[in-house]
Each structure stands twice: as C-alpha cells, then as structure tokens.
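If you number the sequence shown the way this note's numbering does, the last residue is 1021 and the count never jumps. Reading through the structure tokens given below for one structure.
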Amino acid sequence: MDPYFPPYIWRRVFSFAVFTATCLNAMDWDPNWPRFGSSTIPDSSLSYKRTLRTKKALTLVSRHFHEMSLEFMFELVQICYIRHAELLADILRSHPSSPGKWIKNLLVSLDGAAYCENLTAFGWESHVWYRRDLDREEDRRMSEDLIKSIPLGISVLRWSRPSFRNFFTSLRHHSALRQLCISMISAPDDLLITLPSVTHLETQDIQAWGIVRRWELPSISHLNVNWYGPWQVGDEERYGFDPHDVERFPDSIRHFSIQISHIAPFRVTSFLPLVAPFRELETFSYTLDFSDESRNPNWIGVHHPTLQHVGIRCRTAPMPWTFVTRWGDFMTKHIN
686 MDPYFPPYIW RRVFSFAVFT ATCLNAMDWD PNWPRFGSST IPDSSLSYKR TLRTKKALTL
746 VSRHFHEMSL EFMFELVQIC YIRHAELLAD ILRSHPSSPG KWIKNLLVSL DGAAYCENLT
806 AFGWESHVWY RRDLDREEDR RMSEDLIKSI PLGISVLRWS RPSFRNFFTS LRHHSALRQL
866 CISMISAPDD LLITLPSVTH LETQDIQAWG IVRRWELPSI SHLNVNWYGP WQVGDEERYG
926 FDPHDVERFP DSIRHFSIQI SHIAPFRVTS FLPLVAPFRE LETFSYTLDF SDESRNPNWI
986 GVHHPTLQHV GIRCRTAPMP WTFVTRWGDF MTKHIN
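Here is the structure:
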C-alpha cells in the first residue's frame, strides 16, 4: 500500500526524480540563467533517455502511481523526422484522450502544436541560415501558420527558424507568454510588433537583435543579447547601442546580458554605450574574450546610478593551461 501523501506532493517528487533538461526549461536547471541566457543547450533526447527507466518504473508500482506518473512519460516530445511529425499530428487529431494532454515541452518541425492543449513551452530549431527557407512560398506559409497555431497558454517560446518578423504579430494575443528566445528573423517591412507580456527576451544573433530592438516590449525585465552572425559593411552603425537608438526598450529592464562575438568587425571600447540606455539597470553580465584582450571594453569613466551587480564570463582560451596561468593578470588588467 502506498504511503499516503497528497497527490501534489507525489507529483513534485516524481517531477524531481525524472526531470528532463531541455532548451525550453533552462530556468529550472541552468545556474547561470537568466544572467547569461541559455548558453548551454542540452541534448533533450539524451536527457529523456536517462530518466526513461525511472519513468517506466513509476507507472508499474501501483494504479495510484500509474495515474500520477503517466504524464511524465509524455511531457517532452522531440520530432526529428517528417514521418514522425505526421504520425503525431494524426494521433492528436483522431484521439481526444491521446497523450497530447500531457505534452508540456514540444520540439517539432511541423504543426502539431495546436492539438496539445496544456502546452507550456515550444521550440523550433533549424540549421538553415536566415532566408533560405523563405524563398519558397510553401515554407513561408508553413512557418506563419505554425506560429498562429501555437496555443494561447504557452509561457516559453524558443524560435530558431528563418522567418519574417511580421509572422510574430499573432503573439500579441498570448498573454501568458513570458520568455522569448529568437533568431534567424528577417524584416521585409516596418510593421510594429507589440508583445505586452514578455518579461525575458533573448536574441541569439546580430540580425535578430537589429529587428527585435524595434519592437514594443513594455513588460521586459531581462534582456540577453548575443552579437553573433554574418556581418556586412555598416553593421557597426545599424546595431550600435546608441541610447537614442534603443528607443522602444522601457525603463522596466533590470537585468542585461551581452555576448560579443570575437569575429565582430568593430570594437566596443567602453561599457558606457552598453549600459547607458537602461536607466534602471541593476545587473549587467557580459562575456570577455580571453584570446584577444584588445577586443574587450573597459570601465574607464563608466558610472551608472542603479547598477548593483556585474557578472563576468570568459570565452574559452585556445589552451586551458594558458587561461589558468594568466587568469589573475588578465582580470586585474581588465578591472583596472
């Protein structure tokens, strides 16, 4: 006979015992989140397999355990092949009592999202760079239709697929959406995007940042920017941190993190233009380039009235032993 505990206690225990790390729930496992964003992307399928035996065992203990633990068997769905996506979509459409009610994290390549009624996190990853997919009308329509089909109750969205920014207009109705991680978007027009409920924003490449910084995000408190991607002449003007250029980011931003790519054609010599636009900033985190000290900004003449905490991460040095022997001198020189 099972020891009696309220069902919600058992669910908390089960959730801890079979926790599956994905790129969508970094806030639950990454100690650096949200200071540095989702810097480490786990292998979701490997993480799931590690706990699968425990998940199966829990369903076999008793009928009581079976009913409570079954939801954890289907909490994560990751689809890598079109035939699997089609099979999932058919199951969700034809079986109202299907496992779709237990799916909480979905990494998918097609449009099965609309049938997962309790979906809380969704991610679409793509290895195609920017607009290659957008050259086909079918691909454009599929991306736009998929965004429109995302359930209104979703709180986390990770979108890394070539898309036009006007695809995201439908997200303004997602009042539960809090975390948005985005990359590979293009800007065919000047349409203003408003996302009133987003509090945590992460852009994973320079082009996405150049577009998203024009959006209306009245509730944003955490901003993570990764200056990475293809560079062109004039990008230093287009993507600079001029306080007058970041006109739409409100004073609600309290935490700001930035990663500057080592291949950037221009140098940010001071942290002043990085922190000045955010008048109520409390925490600032950034990544240093250990291999080329000349690319790192300095703190000379930088004063910010509300800044309380600074987080520093170093990009990996070519030789680990070099990093260890020079770490003290490197940091002393940087801080001074």
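Where a beta carbon is used, it is the ideal one built from N, C-alpha and C, also for glycine.
Over what stretch of residues does the beta strand (DSSP E) that includes residue i continue unbroken?
| i | result |
| --- | --- |
| GLN864 | 864-871 |
| THR705 | Per DSSP, THR705 belongs to no beta strand (DSSP E) and is neither H nor E. |
| VAL762 | 761-763 |
| VAL791 | Note that residue 791 corresponds to Leu in the displayed sequence, not to Val. Counting along the chain, the beta strand (DSSP E) containing LEU791 begins and ends at 790-792. |
Buried or exposed, going by whether 16 or more other CB atoms sit within 10 Å of the CB of residue i?
| i | result |
| --- | --- |
| PRO691 | exposed |
| GLN1024 | The shown model of the chain, from 686 to 1021, leaves out residue 1024, and the question about it has no answer. |
| THR1017 | exposed |
| GLU922 | Low local confidence applies: a pLDDT of 49 at GLU922 is under 50, so the model's placement there is unreliable, with the coordinate-based value given in what follows. Per the 10 Å Cβ criterion, exposed. |
| ASP890 | buried |
| ASN1028 | Because the chain spans 686 through 1021 in this model, residue 1028 falls outside it and cannot be assessed. |
| GLY986 | exposed |
| VAL918 | Only weak support is given to the placement of VAL918: the predicted model assigns it a pLDDT of 45, under 50, and the question is left unresolved by the model. |
| SER970 | buried |
| LYS741 | exposed |
| LEU731 | exposed |
| ASN911 | buried |
| HIS780 | exposed |
| SER754 | buried |
| PHE701 | exposed |
| THR739 | exposed |
| LEU683 | Given that the chain is displayed from residue 686 to residue 1021, the structure contains no residue 683 and the question cannot be resolved. |
| ARG898 | buried |
| ILE943 | buried |
Name the DSSP bridge partner or partners of residue i?
| i | result |
| --- | --- |
| HIS885 | GLN864 and HIS907 |
| THR968 | HIS940 and HIS994 |
| CYS999 | LEU973 |
| GLU901 | THR879 |
| SER955 | ASN983 |
| SER848 | ILE870 |
Return the first residue and the last residue of the alpha helix (DSSP H) that residue i is part of.
| i | result |
| --- | --- |
| SER737 | Note on residue identity: the sequence assigns Leu, not Ser, to residue 737. LEU737 -> alpha helix (DSSP H) spans 729-746. |
**OP:** Please determine if the region 747-754 and the region 769-779 are in contact, where contact requires at least 3 C-beta pairs separated by less than 8 Å.
**Re:** no
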